[in-house]
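Novice: Before I ask anything, here is the structure I am working with.
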Amino acid sequence: MNALFHLWLIPLAPFAGFLINGILGRRLPKWLVTTVALLAPLAAFGVVLVAALGFFGIGKGFAPVIASLPFTQTCPHPWIDIGALHVDFSFVLDQLSLVMLLVVTGVGFLIHVYSVGYMSDDEGYARYFSFLNLFLFFMTVLVLAGNALVMFVGWEGVGLASYLLIGFYFQKKSAADAGKKAFIVNRIGDFGFLIGMFLLLANFGTLTFSAIGAKLAANPGWQGGALTVIALCLLLGATGKSAQLPLYIWLPDAMEGPTPVSALIHAATMVTAGVYMIARTHILFDHAPFALGAVAVVGAATALFAATIGLVQNDIKRVLAYSTISQLGYMFLGCGVAAYSAAIFHLVTHAFFKALLFLAAGAVIHSMDGEQDLRKMGGLRKKLPVTFAVTTVGVLAIAGFFPFAGFFSKDAILYAAYTQGASGRVLWFVGLVTALLTSFYIFRLWYKAFLGESRSPDAHPHESPPSMMVPLVILAALSICGGWIGIERFSAFLAPSTGLRAPDAGSASLEPILSIAAVAVALLGWLAADRFYRQRPVRPSQLSAALPGSYKLLVHKYYVDEFYGWTVVKPLIAISTYLLGWVVDTALVGGLAWLLGGTATFAGALLQRWQSGNLRSYAAWLAAGAAAVLLFIVVPWSTLWPASLNLIWKMAGH
Amino acid sequence: MSSLFSQEVPLSWYLLLSAVLFSLGVVGFLIKRNLITVFMSIELMLNAVNLSFVTFAHEWHAVKGQIFVFFVMMVAAAEAAVGLAIIIAVFRARATLAVDRIDLMKL
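This is the structure:
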């Protein structure tokens, strides 16, 4: 459309950073590595910002370019062009991808800055930043994708970057295992995505989102059937990437990676890709009510399930990991009640406050020399005043207190659920209970880490360097005012991408009541945590002693890992070891190789005797061979043979 | 008498002589132990072949066969130079020229 504005610049900048730091990083001086690593996301963010400003008419120069979203850019050469299958490499910038890009590149840049301080002493400094840039490259490809296949490229790529960064400390076995687990579990989800794509091709003949939307808009009566299957397959893909039931198990283990990675990939951006994908293909889900209901149920169940596990975790990062799973459940719940803009709204605010909480946790861990156990913290309020302040903002935001960001987005989702009839009320109630649990576990973390008396007197915590504190303060500011735009204006902005919801069935007075209920529940959670962890610190252990069964169940995370271990992993390992390993590999493949090799060796051993080293024996064989050839040529065989043999000779073509 | 001498020697006699010379060369190559004798047997085989070349060239009035003989003689001369040098080197190293003893290449 316009030669001045190129969407491909957005992914290209981080990719260049990845190449430079990945190939030359070891030889470049550290300041240059840092510059490259920070410039790449900054450039991407700059391009996105230009687009955003152009859209709002602030940057006059680009205003006409972006004025008409969606803005599509397609590579002039087709990517795949085989018969009926035609796939282009196309990028689309619309309201939805614009919002997502602002979050990905903006928060991504802040976390890059934070990482400069956090990883400054690490040997793999350049490797770390090249992976982080690689992640940003694939994430922007995922977000900008104009069709399902381009999205799948980004989808797999962020999985790769996630694997590389979870296993960043690959000398540690648990980190390497966690990386593998994340990758393998994600493969299960990717399988669903792939099948969904094949079914899309079979039913629509195209993978382009806009073309699918146009076909469905032309057939409003087309409901369920194949669409339900496609939507369920896509949902399976989304549960893998976004760590929902039943594929959430990889995310808590992913905390083995460096903390900024947990903030960027496993809280703010990559894990929200599933939500983004559902919002991107929402037209399919709108035509498949059953699948939409499944999204809502999965979301609500995950939200509650993960929040209960989060209640008893003692590792500060694991509390936040389960909290992330739970909050992603909220987003799925929002998608499931067709409130896509509310889900994206929560995605945005969650990116702010969860990145903030993770980075603050990173600052705490950094200052405690790597200690992650909440039981060994305490009393950090006086030692780390700034970290304490920003964490408090994050805690209030996630708990949903007015006027912090989490309040607005969580409220929007709960309101949307409540207005969906009787089943919606159930979902709303589950969401409300989750809000109570969320408030409790996050204040538990707050009390245990920052208040009370220090439980490790030997530690001498110190505030982190400015490169870590500045992103924290910016994210804290965003966590406070990120929600002030309000759901009405936000969904009006997103309406061209995600569609407007049908007018609400609820009355005008309903929304304030629901908001008050949500805040009251959050307050209740705070009071409970206050009572448990400040006023009577003995109470939690008494409670766990009184309810040993349920406590044990929670501490062991409902034994889901063990369940999967027994039902999936162990049988797979058994099949691999015995059937594939012993029978196929050792017996069949090995036997065949042994047979072939043995034949050659045996033949060689026989023929070796021929190589006597005796010149005269060689000469004799040579003479014998020459004599044999001479015999063959000179003797008139055909006259010597009996006639019948002669006939065969003729028939053989001679 | 005169008819006997005025007649040309038939083709087959030359070829027979060539075959006898060649066979002598082969047998010499196979049964002699001394490296120099073996070498001379090779020369014998080469010249047997030369003889048949010349015979056919004369028979068919084709000059190519004669030219070929010169090539063979030239290569044989070069081969003799290299071969004798090798034989001297072998004799200096091993103090023997018995073919059966020169078997370092044996596995």
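Residue numbers (my numbering), protein chains in the order written: chain A, -10 to 643; chain B, 242 to 348. The beta carbon of each residue, even a glycine, is placed where N, CA and C say it ideally should be.
#1: Here's the rule I'm using: 16 or more other beta-carbon atoms within 10 Å means buried, otherwise exposed. How should residue 81 of chain A be labelled?
#2: Quick check on DSSP: helix, strand or coil for residue 639 of chain A?
#3: Say whether chain B places a C-beta atom closer than 8 angstroms to the C-beta of residue 614 of chain A.
#4: In the stretch 184 to 216 of chain A, which residue ranges form an unbroken beta strand (DSSP E) of at least 3 residues, counting only runs that do not cross its ends?
#5: With a threshold of 16 other CB atoms inside 10 Å of the CB of residue 657 of chain A, please say whether the residue is buried or exposed.
#6: Any contact between the stretch 461 to 468 of chain A and the stretch 337 to 353 of chain A? By contact I mean 3 or more CB pairs, one from each, below 8 angstroms.
#7: Whole angstroms are fine: how far does the CA of residue 367 of chain A sit from the CA of residue 360 of chain A?
#8: If the cut-off is 7 angstroms on Cβ atoms, which residues from the stretch 579 to 613 of chain A count as contacting chain B, listed in chain order?
#9: Closer than 8 angstroms, CB to CB, is residue 297 of chain B near chain A or not?
#10: Report the neighbours of residue 340 of chain B on chain A: residues whose CB is nearer than 9 angstroms to its CB, in chain order.
#11: Just list the beta strand (DSSP E) runs in the stretch 31 to 92 of chain A, keeping only unbroken ones of 3 residues or longer that don't cross its boundaries, in chain order.
#12: By the DSSP assignment, the alpha helix (DSSP H) with residue 553 of chain A in it spans what residues?
#13: Looking at residue 94 of chain A and residue 79 of chain A, is the spacing between their C-beta atoms short of 8 angstroms?
#14: Keeping to the same chain, check which residues put their C-beta closer than 7 angstroms to that of residue 314 of chain A; ignore five residues upstream and five downstream.
#15: Just mark residue 222 of chain A as buried or exposed, buried being the case when its beta carbon has 16 or more other beta carbons within 10 Å.
#16: Just verifying my parser: in three-state terms, what is the DSSP assignment at residue 179 of chain A?
#17: Do you know offhand how far residue 418 of chain A's Cα is from residue 74 of chain A's?
#18: Determine, using beta-carbon pairs with one atom in the stretch 388 to 408 of chain A and one in the stretch 314 to 333 of chain A, whether at least three such pairs fall under 8 angstroms.
#19: Could you list which residues in chain A have their beta carbon closer than 7 angstroms to that of residue 270 of chain B, in chain order?
#20: Cα separation between residue 70 of chain A and residue 200 of chain A?
#21: For residue 603 of chain A, name the three-state secondary structure that DSSP assigns.
#22: Output the distance between the C-alpha atoms of residue 625 of chain A and residue 612 of chain A, rounded to the nearest integer angstrom.
#23: I want to verify the contact list: residues of chain A whose CB lies under 7 angstroms from the CB of residue 267 of chain B, in sequence order.
#24: Use the C-beta contact count for residue -10 of chain A: other C-beta atoms within 10 angstroms, 16 or more gives buried, fewer gives exposed.
#25: Is the stretch 252 to 265 of chain A close to the stretch 187 to 194 of chain A, with three or more CB pairs under 8 angstroms?
#26: Under 8 angstroms, do residue 363 of chain A and residue 281 of chain A count as touching if we go by C-beta distance?
#27: Name the residue from A/247, A/391, A/616, A/230 whose alpha carbon lies nearest to the alpha carbon of residue 153 of chain A.
#28: I want to see whether chain E comes within less than 8 angstroms of residue 342 of chain A, judged by CB atoms only; does it?
#29: Indicate the three-state DSSP secondary structure (helix, strand or coil) for residue 288 of chain B in the structure shown.
#30: In the structure shown, what three-state DSSP assignment does residue 304 of chain A receive?
#31: Could you check whether the stretch 108 to 124 of chain A touches the stretch 202 to 216 of chain A, counting it as contact only if at least three pairs of C-beta atoms, one from each stretch, sit closer than 8 angstroms?
#32: How long is the line joining the alpha carbons of residue 21 of chain A and residue 230 of chain A, rounded to whole angstroms?
#33: What number of angstroms, rounded off, separates the C-alpha of residue 373 of chain A from the C-alpha of residue 304 of chain A?
#34: Any contact of the stretch 212 to 228 of chain A with the stretch 160 to 172 of chain A, i.e. 3+ C-beta pairs under 8 angstroms?
Specialist: Based on what the coordinates show:
#1: buried
#2: helix
#3: no
#4: none
#5: This structure cannot speak to residue 657 of chain A, because chain A is shown only from -10 to 643.
#6: yes
#7: 12 angstroms
#8: 597, 600, 601, 602, 603, 604, 605, 608, 609, 612
#9: no
#10: 603, 604, 605
#11: 60 to 63, 69 to 71, 74 to 76, 79 to 82
#12: 549 to 553
#13: no
#14: 232, 237, 240, 291, 295
#15: buried
#16: helix
#17: 46 angstroms
#18: yes
#19: 608
#20: 17 angstroms
#21: coil
#22: 21 angstroms
#23: 612
#24: Low confidence applies to residue -10 of chain A: its pLDDT is 42, below 50, so where it sits in the model is not reliable, and the reading given next is rough at best. So residue -10 of chain A ends up on the exposed side.
#25: no
#26: no
#27: A/247
#28: The structure shown contains no chain E; its protein chains are A and B.
#29: helix
#30: strand
#31: no
#32: 34 angstroms
#33: 19 angstroms
#34: no
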